[in-house]
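Right, one structure below, let's go through it.
2 protein chains.
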Amino acid sequence: MATRLTIGRAAEAAGCKVQTIRYYEQIGLLRRPPRSEGNQRLFAHEDVRRLAFIRHARALGFPLQAIRDLLSLGDEPDQSCEAVDAIARAQLGDVEERIEYLQALRRELKRMIEQCRGGRIADCRVIEVLSDHAPGEMFDRTVLRSGVGSP
Amino acid sequence: MATRLTIGRAAEAAGCKVQTIRYYEQIGLLRRPPRSEGNQRLFAHEDVRRLAFIRHARALGFPLQAIRDLLSLGDEPDQSCEAVDAIARAQLGDVEERIEYLQALRRELKRMIEQCRGGRIADCRVIEVLSDHAPGEMFDRTVLRSGVGSP
DNA sequence: CCTTGAACCTACAGCTACTGTAGGTGTTAG
DNA sequence: CTAACACCTACAGTAGCTGTAGGTTCAAGG
Chain A
260 MATRLTIGRA AEAAGCKVQT IRYYEQIGLL RRPPRSEGNQ RLFAHEDVRR
310 LAFIRHARAL GFPLQAIRDL LSLGDEPDQS CEAVDAIARA QLGDVEERIE
360 YLQALRRELK RMIEQCRGGR IADCRVIEVL SDHAPGEMFD RTVLRSGVGS
410 P
Chain B
260 MATRLTIGRA AEAAGCKVQT IRYYEQIGLL RRPPRSEGNQ RLFAHEDVRR
310 LAFIRHARAL GFPLQAIRDL LSLGDEPDQS CEAVDAIARA QLGDVEERIE
360 YLQALRRELK RMIEQCRGGR IADCRVIEVL SDHAPGEMFD RTVLRSGVGS
410 P
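Protein sequence lines correspond, in order, to chains A and B. With my numbering as the guide, the letters of the first sequence map in order to residues 260 to 410. With my numbering as the guide, the letters of the second sequence map in order to residues 260 to 410.
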């Protein structure tokens, strides 16, 4: 028993890169696993589950800080799950805000593109709009910070 | 004539931070403006227009490389605006992809949150879903790279 | 003329969440 | 035994800025 995986296997199991695991360890999101005699990390099943949790949460767009909070809440199974819900709702709110922001961008971009009927750059509406059109308040906010994904 | 603005005024006029202007200069997006005797940058109206162009394009989510391309295209007013259009359409495509991705996230998050009916963390669906649910292929792609906005 | 405070200067560190590289060591199959 | 591959550390780089430290310059008031 007590099958332990090297970092490559763990990465495969959790669907992430080897370096990502080392990174999570470095920032304290994963514990430092025991090492083999030759100094190689050996991950227990529990570590891999934690890693998978992190990856799933990341895939849903949760920032690492939120995941940190979720993980520590997960360690207190008898507490109310109110705080967990709050984090998830915050994430949902964030996603919805980004969607609205991007939809506004899409409208603007479409309008701009549709107005361009080809021809010379001097007459191009795209360039013109970018040169002259003051973007509305809408675009001044920092709604869309960053995304998610594993390149 | 030839009113020239200090960096603070230019930033105000273009709606960005002073450091942002210096950054754009550093990466070669803005020319290095002439300096006063006391070594302070003096921006011409033309520089401010270029800066505003950049800010508008950023507000629409164009990455700096695309803006670089747009700017150099803008310097050739007799060329066809096909390339300009292509950049704008690429940006639109990118925005649309992000929207779809975020809408998928939203569905997942909503589902997860709705299933949670309060109670103890041990029974929390949110934690459970994150622990056990393997995210579909959909979330493995790098669709949403980064956003836009001026914090 | 002198001072004060704001605005400017350079250079560099920091943010998110990784990813990639260099240069070296461990492990395993043939 | 050796080749190939996985692993190790440490650090640099990505995008697009933002913030800080430590020092000048400038304009206005006394």
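Ideal Cβ positions, reconstructed from N, Cα and C, are used throughout, including at glycine.
| message | So with CB distances below 8 Å, who are the chain A contacts of residue 316 (chain B)? | response | In the second sequence, residue 316 (chain B) corresponds to position 57, counting from 1. Ordered by position in chain A, the residues that pass the 8 Å Cβ test against residue 316 (chain B) are 389.
| task | Using three-state DSSP, classify residue 264 (chain A) as helix, strand or coil. | result | The residue you call residue 264 (chain A) lines up with position 5 of the first sequence. DSSP places residue 264 (chain A) in strand when its eight states are reduced to three.
| Within chain B, partners of residue 378 (chain A) - CB distance below 9 Å | Along the first sequence, read from residue 1 onward, the residue named residue 378 (chain A) stands at position 119. Result: 339, 340.
| query | When DSSP labels each residue in this structure, what does residue 339 (chain B) get in the three-state scheme? | reply | Position 80 of the second sequence holds residue 339 (chain B). Strand.
| request: Just mark residue 264 (chain B) as buried or exposed, buried being the case when its beta carbon has 16 or more other beta carbons within 10 Å. | output: Stepping through the second sequence from its first residue, residue 264 (chain B) is reached at position 5. Under this definition residue 264 (chain B) is a buried residue.
| message | Could you tell me the alpha carbon to alpha carbon distance between residue 376 (chain A) and residue 340 (chain B), rounded to whole angstroms? | response | Here residue 376 (chain A) corresponds to residue number 117 of the first sequence, with the count starting at 1. Here residue 340 (chain B) corresponds to residue number 81 of the second sequence, with the count starting at 1. Rounded to whole angstroms, residue 376 (chain A) to residue 340 (chain B) spans 9 Å at the Cα level.
| request: Find the residues of chain B that neighbour residue 375 (chain A), judging by a C-beta separation of less than 9 Å, and give them in chain order. | output: Stepping through the first sequence from its first residue, residue 375 (chain A) is reached at position 116. Per Cβ cutoff of 9 Å: 340, 343, 344, 347.
| request: State the start and end residues of the unbroken alpha helix (DSSP H) segment that holds residue 459 (chain B). | output: In this structure chain B extends from 260 to 410, so residue 459 (chain B) is not present and cannot be described.
| Residue nearest to residue 287 (chain B) in terms of C-alpha spacing, selected from B:336, B:344, B:309 | Position 28 of the second sequence, counting from 1, holds the residue named residue 287 (chain B). Of B:336, B:344, B:309, the residue nearest in Cα terms is B:309.
| task | Could you run through the stretch 361-374 of chain B and flag, in chain order, every residue whose CB is less than 9 Å away from some CB of chain A? | result | Listed in sequence order: 361, 362, 364, 365, 367, 368, 369, 371, 372.
| query | residue 357 (chain B) by DSSP, collapsed to three states: which one? | reply | The count along the second sequence starts at 1 and reaches residue 357 (chain B) at position 98. In the structure shown, residue 357 (chain B) sits in a helix (DSSP, three-state: H, G or I).
| task | Give, in chain order, every residue of the stretch 293-313 of chain B whose Cβ lies closer than 8 Å to some Cβ of chain A. | result | 308, 311, 312
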